[in-house]
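*Asks:* One structure, pasted below without further comment.
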Amino acid sequence: MGIASEILRIAEGEAKKEGAGRIASMTLVIGRWSGVEPETLRFALEVVSKETLMENCEVKIDFREPTFICADCEREFTAENRLDPCPHCGSYAGEMTAGDEMEISTLEVE
Ligand SMILES: [Zn+2]
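To convert a position in the sequence shown, counted from 1, into the numbering used here, add 5.
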């Protein structure tokens, strides 16, 4: 519920700034390793958005797999585990670029 309330607070703040009457839709970027379960969050959002500007808002979820850039061969790869080596060159110097985020990427108000 904490995350859902936080999203509602941010979205309502943006909507008020725009002078909007309601929030029509939003897209959330959720990484597999963010610790957020998309369907649980979707349900929590429905609950907290009752009688707010966000009521009946369409929530789209952009789910991201963990993605790394190899510091040695500079190629991108996805991994199941933080300790997996680069599948292209076997290096362990991968730097995570996506997969643990939890943010609002788009917000449509009207
Ligand atoms: Zn590599």
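Beta carbons are placed, not taken as given, at the ideal position from N, Cα and C, and that holds for glycine. Note that the structure is predicted; figures quoted are calculated from it, not measured.
Is Arg-87 a contact residue of ligand 1, with contact defined as CB to any heavy atom under 8 Å?
*Replies:* Outside the cutoff, so no.
*Asks:* If we ignore side chains and look at the alpha-carbon of each, how far apart do Leu-13 and Gly-24 end up?
*Replies:* Rounded to the nearest angstrom, the two C-alpha atoms are 16 Å apart.
*Asks:* Threshold first: 3 residues or longer. Then list the beta strand (DSSP E) segments lying entirely within the region 10 to 71, N to C.
*Replies:* Whole beta strand (DSSP E) segments, 3+ residues: 28 to 36, 63 to 69.
*Asks:* My output table needs one value for Gly-99: the three-state DSSP class, helix, strand or coil.
*Replies:* Gly-99: strand per DSSP, three-state reduction.
*Asks:* Return the residue from the list Cys-78, Asp-67, Val-114 that minimises the CA-CA distance to Glu-106.
*Replies:* Considering only alpha carbons, the answer is Asp-67.
*Asks:* Please classify Ala-20 as buried or exposed, where buried requires at least 16 other C-beta atoms within 10 Å of its C-beta.
*Replies:* Burial call: buried.
*Asks:* Could you compute how far the alpha carbon of Gly-7 sits from the alpha carbon of Ala-84?
*Replies:* Each residue's alpha carbon lies about 28 Å from the other.
*Asks:* Taking the straight line between their C-alpha atoms, what separation do you get for His-93 and Arg-87?
*Replies:* Spanning the two alpha carbons is a distance of roughly 16 Å.
*Asks:* Figure out for me which residue from Arg-47, Leu-50, Val-64, Thr-45 has the closest Cα to the Cα of Ser-110.
*Replies:* Checked all of Arg-47, Leu-50, Val-64, Thr-45; the closest Cα to Ser-110 is Val-64.
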